[in-house]
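Number 230 in our numbering belongs to position 154 of the sequence shown; there are no gaps in the numbering.
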Amino acid sequence: PKIASIKRGETEYSFNALPFGGFVKIFGEDGEEVAKSCVAGELTEKEASRSFVGQNRLKQAAVVVAGVFFNFLLAWFLLSAGFMIGMPTAGSSSDLKIKDAALVIVNVLPNSPAEEAGILPGDKILALNDDSSFEITEESVQNFIAGHADKEIKIEIKRGEDLKNISITPMLGVIEDHAGIGVSLAVVGIKKLPVHLAIWEGLTSSLKLTRDTAVALFGFARDAFLGKAHIDSLTGPVGLVGIVGDAYRLGIAHLISLTALISINLAIINMIPFPALDGGRLLIILLERIKGSSISPKIVGIVNTFGFILLIILMVVVTYKDIVRIF
77 PKIASIKRGE
87 TEYSFNALPF
97 GGFVKIFGED
107 GEEVAKSCVA
117 GELTEKEASR
127 SFVGQNRLKQ
137 AAVVVAGVFF
147 NFLLAWFLLS
157 AGFMIGMPTA
167 GSSSDLKIKD
177 AALVIVNVLP
187 NSPAEEAGIL
197 PGDKILALND
207 DSSFEITEES
217 VQNFIAGHAD
227 KEIKIEIKRG
237 EDLKNISITP
247 MLGVIEDHAG
257 IGVSLAVVGI
267 KKLPVHLAIW
277 EGLTSSLKLT
287 RDTAVALFGF
297 ARDAFLGKAH
307 IDSLTGPVGL
317 VGIVGDAYRL
327 GIAHLISLTA
337 LISINLAIIN
347 MIPFPALDGG
357 RLLIILLERI
367 KGSSISPKIV
377 GIVNTFGFIL
387 LIILMVVVTY
397 KDIVRIF
């Protein structure tokens, strides 16, 4: 339902009650509707020629990919801004561009000893077993944990400005072949660059993020097809609120990075050749170009409706799983 709207020229901008994301409803997207309007005399031939389906296929394709392109531009802009103010970046203390490097927990496995002990992504490891002389490196910490199977250890961490001592017992089976607590580690520091270098770093980081996200997404699709993936690994709008909250707690740079990642994810997902997505529309345009004529608008409408229903069902299931995880 529409809450508020404003019209500028021929375009109406609206704010709707259901937060399903942004959308653009273009005049003449539905070929069947345009055809019926022409037959009924509601549209003249000149007006119909201005519709989406009245444009050549190159223009149609450009319109379809425009949203995806701007998703990428947004990620580039955000990451560039992040590197200007200082972006948390995996690296090493020997890298002159990385400042304040520390060993950081970047991921915590569900139902692991680390999660049960209250360890969170973003926690910095300062010391082990109250030994301030112990050299904190990724390898040394992993070896220390692996050598203390079923033995309680103390980990001193820094979370924001707070220092915490956490007792935890590494368990066999958490990680293959040796004991672990269920975390991923990386040396992370702050990378701050001048404007011209930040823009370039933002571009290369956006491209790398796009590549890595696409590989991960299609890897998940492959595993799902083979029956190896589980829907519990997906996160919907409800679960995303918690992730955004964690990023906000860690600081504005983390929130910028997460927003860029979400934008890249939206771009890649929208380009999947599935009905009701931009990629599905692009595939239809390509098939029409190869075929040399338009596909029946009625068939296109049925296919898109079917795809939309499947997406809604998936969203409902994922949202339900998110709520169950919370409670």
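C-beta: ideal position from N, C-alpha, C; glycine also.
Check: Please go through the same chain and pick out, in chain order, the residues whose beta-carbon is closer than 8 Å to the beta-carbon of A300, but skip the five residues on each side of it.; Outcome: none
Check: Answer yes if the region 185-200 comes into contact with the region 243-250, meaning at least three C-beta pairs across the two stretches below 8 Å, and no otherwise.; Outcome: yes
Check: What is the DSSP secondary structure of T289, counted as helix, strand or coil?; Outcome: helix
Check: In the region 233-309, which residue ranges form an unbroken beta strand (DSSP E) of at least 3 residues, counting only runs that do not cross its ends?; Outcome: 238-244, 247-251, 254-256 and 259-267
Check: In chain order, what residues of the same chain have a beta carbon less than 8 Å from the beta carbon of E228, not counting five sequence neighbours either side?; Outcome: S243, I244 and T245
Check: Consult DSSP for V100 and reduce its assignment to one of helix, strand or coil.; Outcome: coil
Check: Do the CB positions of A137 and I375 come within less than 9 Å of each other?; Outcome: no
Check: Can you find at least 3 beta carbon pairs, one from the region 176-183 and one from the region 264-276, that sit closer than 8 Å?; Outcome: yes
Check: Quick check on DSSP: helix, strand or coil for R84?; Outcome: strand
Check: If you draw a straight line from the alpha carbon of L155 to that of I181, how long is it in whole angstroms?; Outcome: 21 Å
Check: Take every Cβ of the region 279-292, pair it with every Cβ of the region 193-211, and state whether three or more of those distances are shorter than 8 Å.; Outcome: no
Check: Quick one: using the 10 Å Cβ neighbour count with 16 as the cut-off for buried, is T165 buried or exposed?; Outcome: buried
Check: Determine, using beta carbons only, whether I212 and I195 come nearer to each other than 9 Å.; Outcome: no
Check: Can the beta-carbon of P373 be found less than 9 Å from the beta-carbon of E108?; Outcome: yes
Check: Based on the DSSP output, what are the partners of F91 in its beta bridges?; Outcome: A80
Check: How many angstroms separate the CA atom of I366 from the CA atom of R133?; Outcome: 11 Å
Check: Residue range of the beta strand (DSSP E) that M163 falls in?; Outcome: M163 to A166
Check: Grouping DSSP H, G and I as helix and E and B as strand, with all else coil, what is K230?; Outcome: strand
Check: Check the C-beta distance from A352 over to L390 and give it rounded, since I have them as a contact under 8 Å.; Outcome: Not quite, the Cβ-Cβ distance comes to about 11 Å (not below 8 Å), so this is no contact.
Check: Take the Cβ of D238 as the centre, count every other Cβ of all protein chains shown within 10 Å, and call the residue buried at 16 or more, exposed below.; Outcome: exposed
Check: Using the three-state DSSP reduction, which class does V129 fall into: helix, strand or coil?; Outcome: coil
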